[in-house]
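To keep things clear, I will list the structure first and then write my remarks on it.
There are 2 protein chains.
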Amino acid sequence: MYREAIKVLDCTIRDGGLINDHYFEDSFVKAVYRAIAASGVDYMEIGYKASKELLAPTKFGKWKFCDENEIKKIIDGVENRPKLSVMCDIGRVEKSDIPPKKDSVIDMIRVATYVKEVDKAIDLVNDFVDKGYETTVNIMAVSKAQDNELDEALDQLERESRTGVVYIVDSFGYYYQEHITYLAAKFKKYLKTKELGIHMHNNQQLGFSNTIQGIIEGCNYLDATIYGIGRGAGNCPMELLIGFLKNPKFDIRPILEVISKEFLPLLKTMEWGYIIPYAITGMLNEHPRSAIAVRSTPDKDNYVKFLNSLSAVEVD
Amino acid sequence: MYREAIKVLDCTIRDGGLINDHYFEDSFVKAVYRAIAASGVDYMEIGYKASKELLAPTKFGKWKFCDENEIKKIIDGVENRPKLSVMCDIGRVEKSDIPPKKDSVIDMIRVATYVKEVDKAIDLVNDFVDKGYETTVNIMAVSKAQDNELDEALDQLERESRTGVVYIVDSFGYYYQEHITYLAAKFKKYLKTKELGIHMHNNQQLGFSNTIQGIIEGCNYLDATIYGIGRGAGNCPMELLIGFLKNPKFDIRPILEVISKEFLPLLKTMEWGYIIPYAITGMLNEHPRSAIAVRSTPDKDNYVKFLNSLSAVEVD
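Next up, the structure:
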């Protein structure tokens, strides 16, 4: 699959940071940055921009805040630099946390929003556009949204926001390829002047195939993480995506090398990947928090008990 | 996805046996059989039928031969029995190894063939049909076949064989959903009187999504294995497939339970799943034998070296 307009965005450190509250060693972040740079991947998302007034800096590692001087320590001296991205969550950042682009090493800011908060997202993203950044709006938990509310949010994003890209996000790892076809058609119907992006979770081993389906349906911004790292089941694996894309600018070898050297050791201290409780929350279109919780209990591998605990919730 | 015509076939013991030369303990095979029976899955493939004249019984476990009395030890006393299947490889079985159906507990015999051996496969499968069995023909390594030779083989299968089902097999884990759409259309074009089946390998985490694509394209016989067990990267995971299919006859709980009790311990002594050398052979459309070999060397996790070793092969 070769399409020149395709951009690949690595969110290894940002999404992986959801496992460990963003406490990665600088040496690890540097190894990832160097691998991404050498692989020809277009963007690397290095963490979140969050307000230290709203979130206590003592409770999170530095990649929850992404201070400019911390980023510079990582990127200095590296050739073939990818563009740098950070993510902002609605309600966890102030406009004043974001300097004008000319004073920042960051290239792109991505605003993560629920459908119901799209007004706030539009206000925020337009501020970032005005400051000179590339931007995206990532609509989370679409699989829980009411269809008519999603329609309205997409219509608003087209008319009121100045972002260039809107992402389909499968927060719960619920989708398979027919959902992606349906959603991409809906997004394209409203977002006539925007590019589409796709960010898939891997609960049911569908992260990669859903990203392929996104490509087929015209998404040009593709998220992936090295060795699929990410909260819970993780994400579309970068090595598979690079192996699939035929653009000669990409080189899979630096990704393979950093997996061998950094990710196999990391898996001994951090958990992500194909793990049955995450598969179950994906099947049920549920937030992975219950699965995350059970994995730190003695019942971590009692899958029937876990499924029964979710099925037992009464709905009036 | 609900379609009454869909049949699910578990090949946990048969395909998993390729990892350990078919040396499973009876207690494990019984646990799998009981789980499959309780889950409502339609067929269980318990191993191969091979000739003890052609293959030395000292070199393989009992599930390479599937003697009737060994099968009976497993299935006796179990309720809600699934149909039983065995597989035959061309050149490793004689017609005389297969008794008439009335003298066997086996319900279905599946003939695995390469495109080039389709004449032999037709001869064999027709004998099994005449003996009273359900049958399938599974065309292996389609991704390496010449298109015109595949066309001819499919045409022959339609005209000359009396099998009811022909399988698309992704032996190398190379395919993604567009390949499945292409192949299913081709198979349907020739096989107007046969059902289609799909057997996918999981090298690139596409086993489940390709099986879903098979369903979308009209395949009614679906192969899967518990926890995705199988040689190399393994197969479409049964628990995901059962979670996806909406037919109320299926129950995921017995599958989850046997994973907790039998498969997690087994993973400490047998290797399968998402492992980079298998992903690489899948991307390159290569047999996994080179990846199997490297996994028993000190270089098992030197992925760049492994990729380079494959890429270095000169082709005249």
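Quick note, the sequences are listed as chains A and B, same order. The numbering of the first sequence is the working numbering, which starts it at 1154 and goes up by one. The numbering of the second sequence is the working numbering, which starts it at 1154 and goes up by one. For every residue, glycine included, the Cβ atom is placed at its ideal position computed from N, Cα and C. Keep in mind that this is a model prediction, so the values were computed, not measured.
- The DSSP-derived three-state label of K1269 (chain A) is helix.
- Counting every other CB atom within 10 Å of its CB across the protein chains shown gives Q1299 (chain A) a total below 16, marking it as exposed.
- Listed by position along chain B, the residues whose Cβ is nearer than 7 Å to that of L1393 (chain A) are Q1357, Q1358 and A1432.
- Taken atom to atom, the span from the alpha-carbon of S1413 (chain A) to that of N1388 (chain A) is near 18 Å.
- In the structure shown, Y1186 (chain A) adopts helical secondary structure according to DSSP, grouped into three states.
- Under the Cβ criterion of 8 Å, F1361 (chain B) is counted among the residues facing chain A.
- Assignment of K1160 (chain A) by DSSP, reduced to helix, strand and coil, places it in the strand class.
- For T1450 (chain B), there is no enclosing alpha helix (DSSP H), since its DSSP letter is neither H nor E.
- The C-alpha of I1321 (chain B) lies about 26 Å from the C-alpha of A1432 (chain A).
- In the structure shown, P1390 (chain A) falls within a strand segment according to DSSP collapsed to helix, strand and coil.
- Secondary structure note for G1350 (chain B): it is in no alpha helix (DSSP H), and the uninterrupted beta strand (DSSP E) holding it is E1348 to M1353.
- Residue pairing for L1375 (chain B): DSSP places it in a beta bridge opposite B:V1161 and B:I1351.
- In the structure shown, M1240 (chain A) falls within a strand segment according to DSSP collapsed to helix, strand and coil.
- Exclusion of the five residues before and after V1258 (chain A) leaves E1221, I1224, K1225, I1228 and L1237 as the residues of its chain whose Cβ lies within less than 8 Å of its Cβ.
- Bounds of any alpha helix (DSSP H) do not take in G1200 (chain B); it lies within the beta strand (DSSP E) bounded by Y1196 to Y1201.
- Here the C-alpha atom of P1210 (chain B) lies approximately 38 Å from the C-alpha atom of I1365 (chain B).
- Approximately 7 Å separates the beta-carbon atoms of T1316 (chain B) and V1282 (chain B); this is inside 8 Å, confirming the contact.
- Q1366 (chain A) reaches chain B at Q1330, counting residues in chain order whose Cβ is nearer than 8 Å.
- DSSP places N1291 (chain A) within a strand segment (E or B) once states are collapsed to three.
- Under the 10 Å beta carbon count, R1263 (chain B) is surrounded by 16 or more other beta carbons and is classified as buried.
- Taking the Cα positions, S1204 (chain A) is about 13 Å away from K1212 (chain A).
- If you look at D1300 (chain A), you'll find it in the alpha helix (DSSP H) that goes D1300 to E1313.
- For I1321 (chain A), the enclosing beta strand (DSSP E) covers residues V1318 to D1323.
- K1273 (chain B) and G1350 (chain B) have their alpha carbons spaced roughly 20 Å apart.
- Contact between L1375 (chain A) and V1185 (chain A) fails: their C-beta atoms lie close to 17 Å from each other, not under 8 Å.
- Look at V1457 (chain B) here: in three-state DSSP terms it is helix.
- In this structure, DSSP gives V1264 (chain B) an extended state, which the three-state scheme calls strand.
- Residues of the stretch 1405-1430 of chain A whose Cβ lies closer than 8 Å to any Cβ of chain B, in chain order: I1405, R1406, L1409, E1410, I1412, S1413, L1417, G1426, Y1427 and I1429.
- By the CB criterion at 8 Å, Y1267 (chain A) and D1308 (chain A) fall outside the cutoff.
- W1425 (chain A) and L1398 (chain A) have their C-alpha atoms spaced approximately 25 Å apart.
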